[in-house]
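Chemist:
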Amino acid sequence: MKLSQNFTRTLRDAPADEVALNAQLLIRAGFVYKVMAGVYAYTPLGLKVLENIKRIVREELGAIGGQEIIMSNLQPQETWEKTGRWSSEAVDVWFKTKLQDDTEIGLAWTHEEAIMEMMQQFIKSYKDLPAYVHQFQTKLRNELRAKSGIMRGREFIMNDMYSLHTTAEDCDAYYETVIEAYKRCYERLGIGDSTYVTFASGGAFTKFSHEFQTICDAGEDILYVNDDRSVAVNEEVLDDAAAELGVDKSTLKPVKSAEVGNIFKFGTSKSEQMSIYYTDHDGKQQPIYLASYGIGITRVMGVIVEKFADDKGIVWPEHIAPAKIYLVQIGQESKAVADKLYDQLMGQGIEVIYDDRDERPGTKFTDSELMGIPYRVTVSDRLLADKKYEFTTRATGETILLTEPELLAKLS
RNA sequence: CGGGGUGUAGCGCAGCCUGGUAGCGCACACGGCUGGGGGCCGUGUGGUCGCUGGUUCAAAUCCAGUCACCCCGACCA
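1142 is the number of the first residue of the first sequence in our numbering; add one for each residue after it.
1) For W1221, which residues from the same chain have a beta carbon less than 6 Å from its beta carbon, with the 5 sequence-adjacent residues on both sides left out?
2) Counting only the same chain and skipping the five closest in sequence on each side, list residues whose C-beta sits under 7 Å from that of Q1208.
3) By the DSSP assignment, the beta strand (DSSP E) with N1375 in it spans what residues?
4) Would you check if the distance between the CB atom of V1444 and the CB atom of A1479 is smaller than 8 Å?
5) Which class does Q1165 belong to by DSSP, given the choice of helix, strand or coil?
6) Please name the residue, chosen from I1298, Q1489, T1307, that lies closest to G1437 on a Cα-to-Cα basis.
7) Among the residues of its own chain, which have a CB less than 8 Å from the CB of L1548, if the five just before and after it don't count?
8) Just verifying my parser: in three-state terms, what is the DSSP assignment at G1402?
9) Comparing alpha-carbon positions, which option in T1420, S1145, V1441 lies nearest D1269?
10) Quick one: using the 10 Å Cβ neighbour count with 16 as the cut-off for buried, is A1462 buried or exposed?
11) To the nearest angstrom, how far is it from the Cα of L1305 to the Cα of P1502?
12) Could you check whether A1341 and E1328 sit closer than 8 Å to each other, using their CB atoms as the reference points?
13) What did DSSP end up calling L1152 once you bin it into helix, strand or coil?
14) In this structure, how does DSSP classify M1442 when only helix, strand and coil are distinguished?
15) Check the DSSP bridge columns for Q1241 and list the partner residues they point to.
16) Applying the criterion that 16 or more other CB atoms from any shown protein chain within 10 Å of the CB defines a buried residue, is T1279 buried or exposed?
17) Taking only runs that begin and end inside the region 1501-1535, name each unbroken beta strand (DSSP E) of 3 or more residues, in chain order.
18) With DSSP as the reference, label G1293 as helix, strand or coil.
19) Run through the DSSP bridge pairs and tell me what N1300 is partnered with.
20) When burial is assigned at 16 or more other CB atoms within 10 Å of the CB, is T1307 buried or exposed?
21) Taking just the CA atoms, how far does L1285 sit from L1433?
22) Assign R1153 to buried or exposed, taking buried as 16 or more other Cβ atoms, counted over all protein chains shown, within 10 Å of its Cβ.
23) Have a look at A1164 and R1293 and give me their C-alpha separation to the nearest angstrom.
24) If I measure Cβ to Cβ from E1510 and keep anything under 7 Å in the same chain, skipping five residues before and after, which residues do I get?
25) Quick check on the DSSP output: the beta strand (DSSP E) that includes T1614 runs from which residue to which?
26) State the Cα-Cα distance for the pair M1177 and K1265, rounded to the nearest angstrom.
27) Would P1428 and E1447 be called neighbours here (beta carbons separated by less than 8 Å)?
28) Alpha carbon to alpha carbon, what distance is there between Y1303 and L1552?
29) Can you tell me whether F1449 is helix, strand or coil according to DSSP?
30) Can you grab the Cα-Cα spacing for the pair I1246 / V1234, in whole Å?
31) Quick check: the Cα distance between E1321 and V1441, rounded to an integer number of angstroms?
32) Could you tell me which residues DSSP puts in a beta bridge with T1339?
33) If I'm right that L1191 touches Y1183 with Cβ under 8 Å, what's the distance once you round it to whole angstroms?
34) Per DSSP, which one or two residues make a beta bridge with F1236?
35) In the DSSP output, which residue or residues are listed as bridge partners for S1266?
36) Would DSSP call L1285 helix, strand or coil?
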């Protein structure tokens, strides 16, 4: 991407009403645009990050058999009546609206019921199970109070996956498979080291659910972790979980964390509530075991901003950065060289943000840091005289001089 | 939803107390000087002061209502 063609611009100051660091930096750097409280639009740079996060999740879920779908945002009342979750007393985050003939409909805050409703059409026999479906979907939740920038909005993007099984054992086994896939996702997203599978409040079927919690000062949760990192428990279930695990509560230390994933088992409850059954070997109707898995895509983006940012701006992990290289060009003579390098790298499939604007060097350096691009390559008349390129690592600030072959070797 | 706070140009702010024809910085446009860390000088563009009503000869300023936004709490399969 050539910056001269990018319509967003960087800001010196964040809007005063934006207190959350993630939103401040993302707005200043031109990654998101605030539409209203808890609602953000993603501009080209921000969209690239989202797509990179989605790509990783898509690959990992695809690798364990997940089939990608897209459900709808408009949902019929009848679907939700079946599980008693249509009423606003049962679910206080509903957005509801009406068709022109006064039929009430709901705007999707989750797709659990909706997925089951659809799958009922296809799952008839034990031969159709297990089934694994997932989607990247906008969730709409009428939160009383939006906060923390893109970490807790009224509209956000989530990957939700659902697995349907004939037996609890099969469901349990796949549940573990998903946990491993999720771990690989967080690893690739760059937050593997600080993300824990934790015990959290359960639901109708299981005593605990599992949350993926990332250590982060901006998080809303408190996590209790032991020294060897083998046990992590959400504060909300600390006593119960410690007792269950036979762990001495006093050996667990509290840390602030942000929930980046939540998985849980429904057992057959959802299937029974909705009267969705399959036919077993003996021709009998049986309920389906269901488990549900969610990764907050936009939230992960916010957490990563919060977690790695420094006083200069965002620091993206390499795999999700909108580009690998930020190419700074200074002076007149070196322009052709920079143009050529840009074409060459892009031709090799290396994503480059080329700062070809008529700006002073300081502006370009500052913006490259604010945007958090992992590596900066500087091409200038001065460097060109020595046939050198400057190579700077965003996270460390380390700068080295390289010849063209050295540079290309480093980038490929 | 309870408590607290804030709304003046795209962004950051002053002006309000003590009513008298709206200002600064950044950004933007043009010109010039600069040219390796948000540079400088000059000339410009851009605002029914959130909205509605009231008081007044006169309201950004005083009063009432309302909307929006932010923070704390509650909530958060």
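Just so you know, even glycine gets a beta-carbon here, dropped at the ideal spot from N, CA and C.
Modeler: The structure says:
1) Closer than 6 Å at Cβ, skipping near neighbours: W1227, E1254.
2) Cβ within range, chain order: Y1273, V1274.
3) 1373-1375
4) no
5) helix
6) I1298
7) V1518, Y1530, F1532
8) Three-state result, G1402: strand.
9) T1420
10) buried
11) 56 Å
12) no
13) coil
14) Assigned with DSSP and collapsed to three states, M1442 falls in helix.
15) Answer is none; Q1241 lacks a bridge partner.
16) Result: exposed.
17) With a minimum length of 3 residues, the unbroken runs of beta strand (DSSP E) contained wholly in the region 1501-1535 fall at 1516-1521, 1530-1534.
18) One point to set straight first is that residue 1293 is Arg, not Gly, in the sequence displayed. DSSP places R1293 in strand when its eight states are reduced to three.
19) F1277, I1436
20) buried
21) The sequence shown places Ser at residue 1433, not Leu. Going from the Cα of S1433 to the Cα of L1285 covers about 25 Å.
22) exposed
23) 11 Å
24) K1453, G1454, R1535
25) This structure leaves residue 1614 out entirely; the chain is present only between 1142 and 1553.
26) 44 Å
27) no
28) 39 Å
29) helix
30) 14 Å
31) 18 Å
32) T1339 is bridged to E1352.
33) Correct: roughly 6 Å between the Cβ atoms.
34) L1248
35) T1420
36) coil
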